Amino acid sequence: MTIGEFLTSPSDTARRDGPYNKIVLSSRVRLARNVKGMPFPGWAKKPDRVRALELVRPSVEGLPQMADSFSESMDNLTVLDKNILVERHLISREHAAKNAGSGLVLNREESLCVMINEEDHLRMQALRPGLQLRQAWHAIDQVDSKLEKKMEFAFTPTLGYLTACPTNVGTGIRVSAMLHLPGLVLAEQINQIIQAVNKLGLAVRGLYGEGTEALGNVFQVSNQMTLGETENDIVERLNKVLAQIIEHEENARSMLLEKKPKTVYNHIGRAYGILANAHSISSKETLNLLSLMRLGVDLGLFTDLERWQVDELFITTQPAHLQKVHSEKLSAEERDLFRADMLRERLRQVSRPKIK
Amino acid sequence: MLCCICKEKEAKVHLTQIVGDKMQKVDLCEECAKQKGVNDPTGFSLADLLLGLGASQEMEQSAADIKCPHCGFTQADFKKAGRLGCSECYQTFREGLEGLLKSMHKGTRHVGKVPQALQQSRDLADRLKNLQKKLDKAVAEEDFEQAALVRDEMKMTREKLGTLPSS
Chain Y
1 MTIGEFLTSP SDTARRDGPY NKIVLSSRVR LARNVKGMPF PGWAKKPDRV RALELVRPSV
61 EGLPQMADSF SESMDNLTVL DKNILVERHL ISREHAAKNA GSGLVLNREE SLCVMINEED
121 HLRMQALRPG LQLRQAWHAI DQVDSKLEKK MEFAFTPTLG YLTACPTNVG TGIRVSAMLH
181 LPGLVLAEQI NQIIQAVNKL GLAVRGLYGE GTEALGNVFQ VSNQMTLGET ENDIVERLNK
241 VLAQIIEHEE NARSMLLEKK PKTVYNHIGR AYGILANAHS ISSKETLNLL SLMRLGVDLG
301 LFTDLERWQV DELFITTQPA HLQKVHSEKL SAEERDLFRA DMLRERLRQV SRPKIK
Chain S
357 MLCCICKEKE AKVHLTQIVG DKMQKVDLCE ECAKQKGVND PTGFSLADLL LGLGASQEME
417 QSAADIKCPH CGFTQADFKK AGRLGCSECY QTFREGLEGL LKSMHKGTRH VGKVPQALQQ
477 SRDLADRLKN LQKKLDKAVA EEDFEQAALV RDEMKMTREK LGTLPSS
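Chains as they are written, first to last, in the numbering used here: chain Y, 1 to 356; chain S, 357 to 523.
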């Protein structure tokens, strides 16, 4: 089965629902692990990397959680398929650049995804829709406990799990949530929030993780420190901070509606106008305008549009997803035309935002 | 004031960071600052910069260029890649890493999850220690019946410990 056939359709993916889904798009917990006695992937020569992959991959595939999974070596995936996986947030951009000696194992529900030989031998992640950090941590903790019975991880009592980058040493954990914060951006409070969150030792990043732009008002909040704190403490600290951010976003939205309703309606109305009528549109502009449409849905301005439909467009208008449905290779300009066609078609049945 | 990297041009970028209870200062010229990514707020970490300066200077004084005996990775490789070569590198570059870990993490000791096998052997080792104390006490009190019991239990614990991987 190809990855294209394996993956859930964008519409079903967008329909996955979780707690606080209005603001929290998804939760993720990732653990970094390395096999004892083997050089880290970035320094290992190809035969060593292949040896690590051959050791790790069958163990991951054999997990009860991975029954009916998709497992593939990265050199057997096309560039397009890898980009689709990045756009679905299932693998990192760094992993998409890997070839022979690296691998991927993804479960049927797309709630567990293990990258083999990314920066570390194992980067295993549990994904959940909405705010479900605890659930994600328990799920990946179980995977880890099963795997440690099959192989010995590089670990010392003082430094914990040893990782290629010292920033991950200790627990090797990265707990993160993807947030949609148009209210805080429109209210111009987002920078204050980011600074406050940074001061608590947490990182705020863009849509595709490290070093990326906050397109579509989507931000990733995650822990940075991995040593000297238990996994539970990290999860709970993030939960506390996220609860605060959610509250601030809700407040920003009500404040905007109360004090600057025209500004809000203007942004949403223009977003609708452009998306429903453009004949050429970039993916960046699309994401930013879809974010405003999503806000419009949350505020009840679109009576015949549901949030999942906007979320589906978030996925299908991305470059690789757009290319996937066309047999011939598209240039960026052609993609912009097709993207606009798709958006006009989808929004044809959606009436203009109604001001209450 | 001269740039502390190239030691040639006038320093224009001044950075201060409190690490633990120590204040660390770095003064850079515009070119070196750019090269180290100081202008790029997303990619910049003073800790990395300091490692390149302070840590390497420290290392240079103690040993010209340490090489990991296990994987051949050098301090220069770490400065270039920001990643280590293998798990043994943590032991090899222990001195240079200490300050770095302190600056980037909450603590310097792992307090999180421990692989179960290791946790078991740790528990058994603790039990052995306690049994040894019990044995010493029994011998001191000339309670040889009790001493024999404790000795048997210690033998069993040691056998169990022998079947587990060592830390």
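A virtual CB, placed ideally from N, CA and C, is assigned to each residue, including glycine. Since the model is a prediction, treat every value here as computed from it, not as a measurement.
Contacts around residue i, its chain only, beta-carbon distance under 8 Å, and the 5 residues preceding and following it disregarded
| i | result |
| --- | --- |
| residue 256/Y | 183, 186, 187, 263, 264 |
| residue 366/S | 357, 358, 359, 385 |
| residue 427/S | 441, 442, 444, 445 |
| residue 487/S | 506, 509, 510, 513 |
Terminal residues of the beta strand (DSSP E) in which residue i lies
| i | result |
| --- | --- |
| residue 129/Y | 122-129 |
| residue 342/Y | No beta strand (DSSP E) holds residue 342/Y; the alpha helix (DSSP H) holding it covers 332-347. |
| residue 218/Y | 218-223 |
| residue 204/Y | 202-205 |
| residue 6/Y | No beta strand (DSSP E) contains residue 6/Y, which is instead part of the alpha helix (DSSP H) from 3-6. |
| residue 70/Y | 70-73 |
Beta-carbon proximity list for residue i, same chain, < 7 Å, skipping 5 on both sides
| i | result |
| --- | --- |
| residue 432/S | 421 |
| residue 231/Y | 137, 171, 173 |
| residue 97/Y | none |
| residue 37/Y | none |
| residue 160/Y | 169, 170, 171, 227 |
| residue 194/Y | 204 |
| residue 239/Y | 133 |
| residue 417/S | In this prediction, residue 417/S has a pLDDT of 42, which is less than 50 and means its spatial position is unreliable; nothing more can be read from the coordinates. |
Per-residue DSSP class, three states only, for residue i
| i | result |
| --- | --- |
| residue 33/Y | strand |
| residue 215/Y | helix |
| residue 500/S | helix |
| residue 197/Y | helix |
| residue 115/Y | strand |
| residue 235/Y | helix |
| residue 265/Y | helix |
| residue 559/S | Absent from the structure is residue 559/S, since the part of chain S shown begins at 357 and ends at 523. |
| residue 516/S | helix |
| residue 417/S | Any reading at residue 417/S must be qualified, since the residue scores a pLDDT of 42, below 50, and its modelled position is unreliable; the value itself is stated next. Helix, per DSSP. |
| residue 304/Y | coil |
| residue 169/Y | coil |
| residue 369/S | strand |
Sub-8 Å separation of residue i and residue j beta-carbons
| i | j | result |
| --- | --- | --- |
| residue 166/Y | residue 17/Y | no |
| residue 484/S | residue 514/S | yes |
| residue 241/Y | residue 181/Y | no |
| residue 109/Y | residue 90/Y | no |
| residue 291/Y | residue 339/Y | no |
| residue 350/Y | residue 305/Y | yes |
| residue 316/Y | residue 342/Y | yes |
| residue 162/Y | residue 156/Y | yes |
| residue 217/Y | residue 120/Y | no |
| residue 48/Y | residue 39/Y | yes |
| residue 56/Y | residue 3/Y | no |
| residue 103/Y | residue 69/Y | no |
| residue 125/Y | residue 28/Y | yes |
| residue 320/Y | residue 61/Y | no |
| residue 207/Y | residue 175/Y | no |
| residue 158/Y | residue 461/S | no |
Cβ neighbours of residue i in the same chain (closer than 6 Å, five flanking residues each side left out)
| i | result |
| --- | --- |
| residue 502/S | 494 |
| residue 362/S | 388 |
| residue 267/Y | 292 |
| residue 19/Y | 130, 131 |
| residue 355/Y | 265 |
| residue 152/Y | 36 |
| residue 298/Y | 22 |
Range covered by the alpha helix (DSSP H) that runs through residue i
| i | result |
| --- | --- |
| residue 174/Y | Per DSSP, residue 174/Y belongs to no alpha helix (DSSP H); it is in the beta strand (DSSP E), 173-180. |
| residue 432/S | 431-437 |
| residue 105/Y | Note, residue 105/Y: premise wrong, no alpha helix (DSSP H); beta strand (DSSP E) at 103-106. |
| residue 61/Y | 46-61 |
| residue 294/Y | 283-298 |
| residue 11/Y | 10-15 |
| residue 96/Y | 93-96 |
| residue 450/S | 450-460 |
| residue 443/Y | Residue 443/Y lies beyond the range of chain Y shown here (1 to 356); nothing can be said about it. |
| residue 358/S | It is not in any alpha helix (DSSP H) - residue 358/S carries neither H nor E in the DSSP assignment. |
| residue 388/S | 386-391 |
| residue 39/Y | Element bounds for residue 39/Y: n/a, residue is neither H nor E. |
| residue 86/Y | 79-87 |
| residue 320/Y | 319-324 |
Beta carbon proximity, residue i to chain A, threshold 8 Å
| i | result |
| --- | --- |
| residue 500/S | Among the protein chains of the structure shown, namely Y and S, there is no chain A. |
Quick one, which residues of the stretch 302-334 of chain Y are near chain S if we go by CB-CB under 8 Å, in chain order? none
Chain-ordered residues of the stretch 134-152 of chain Y with a beta carbon less than 9 Å from chain S: 141, 144, 145, 148, 149, 152
Name, going along the chain, the residues of the stretch 460-482 of chain S whose beta-carbon falls closer than 8 Å to a beta-carbon of chain Y. 460, 461, 462, 463, 464, 465, 466, 467, 468, 469, 470, 471, 472, 473, 474, 478
Identify each residue in the stretch 433-460 of chain S for which the Cβ-Cβ distance to at least one residue of chain Y is less than 7 Å, and report them in chain order. 437, 438, 439, 440, 441, 442, 443, 446, 453, 456, 457, 460
Could you list the residues in the stretch 5-36 of chain Y with a C-beta less than 7 Å from some C-beta on chain S, going in chain order? 34, 36
Which residues, in order along the stretch 236-261 of chain Y, keep a beta-carbon less than 9 Å from a beta-carbon of chain S? none
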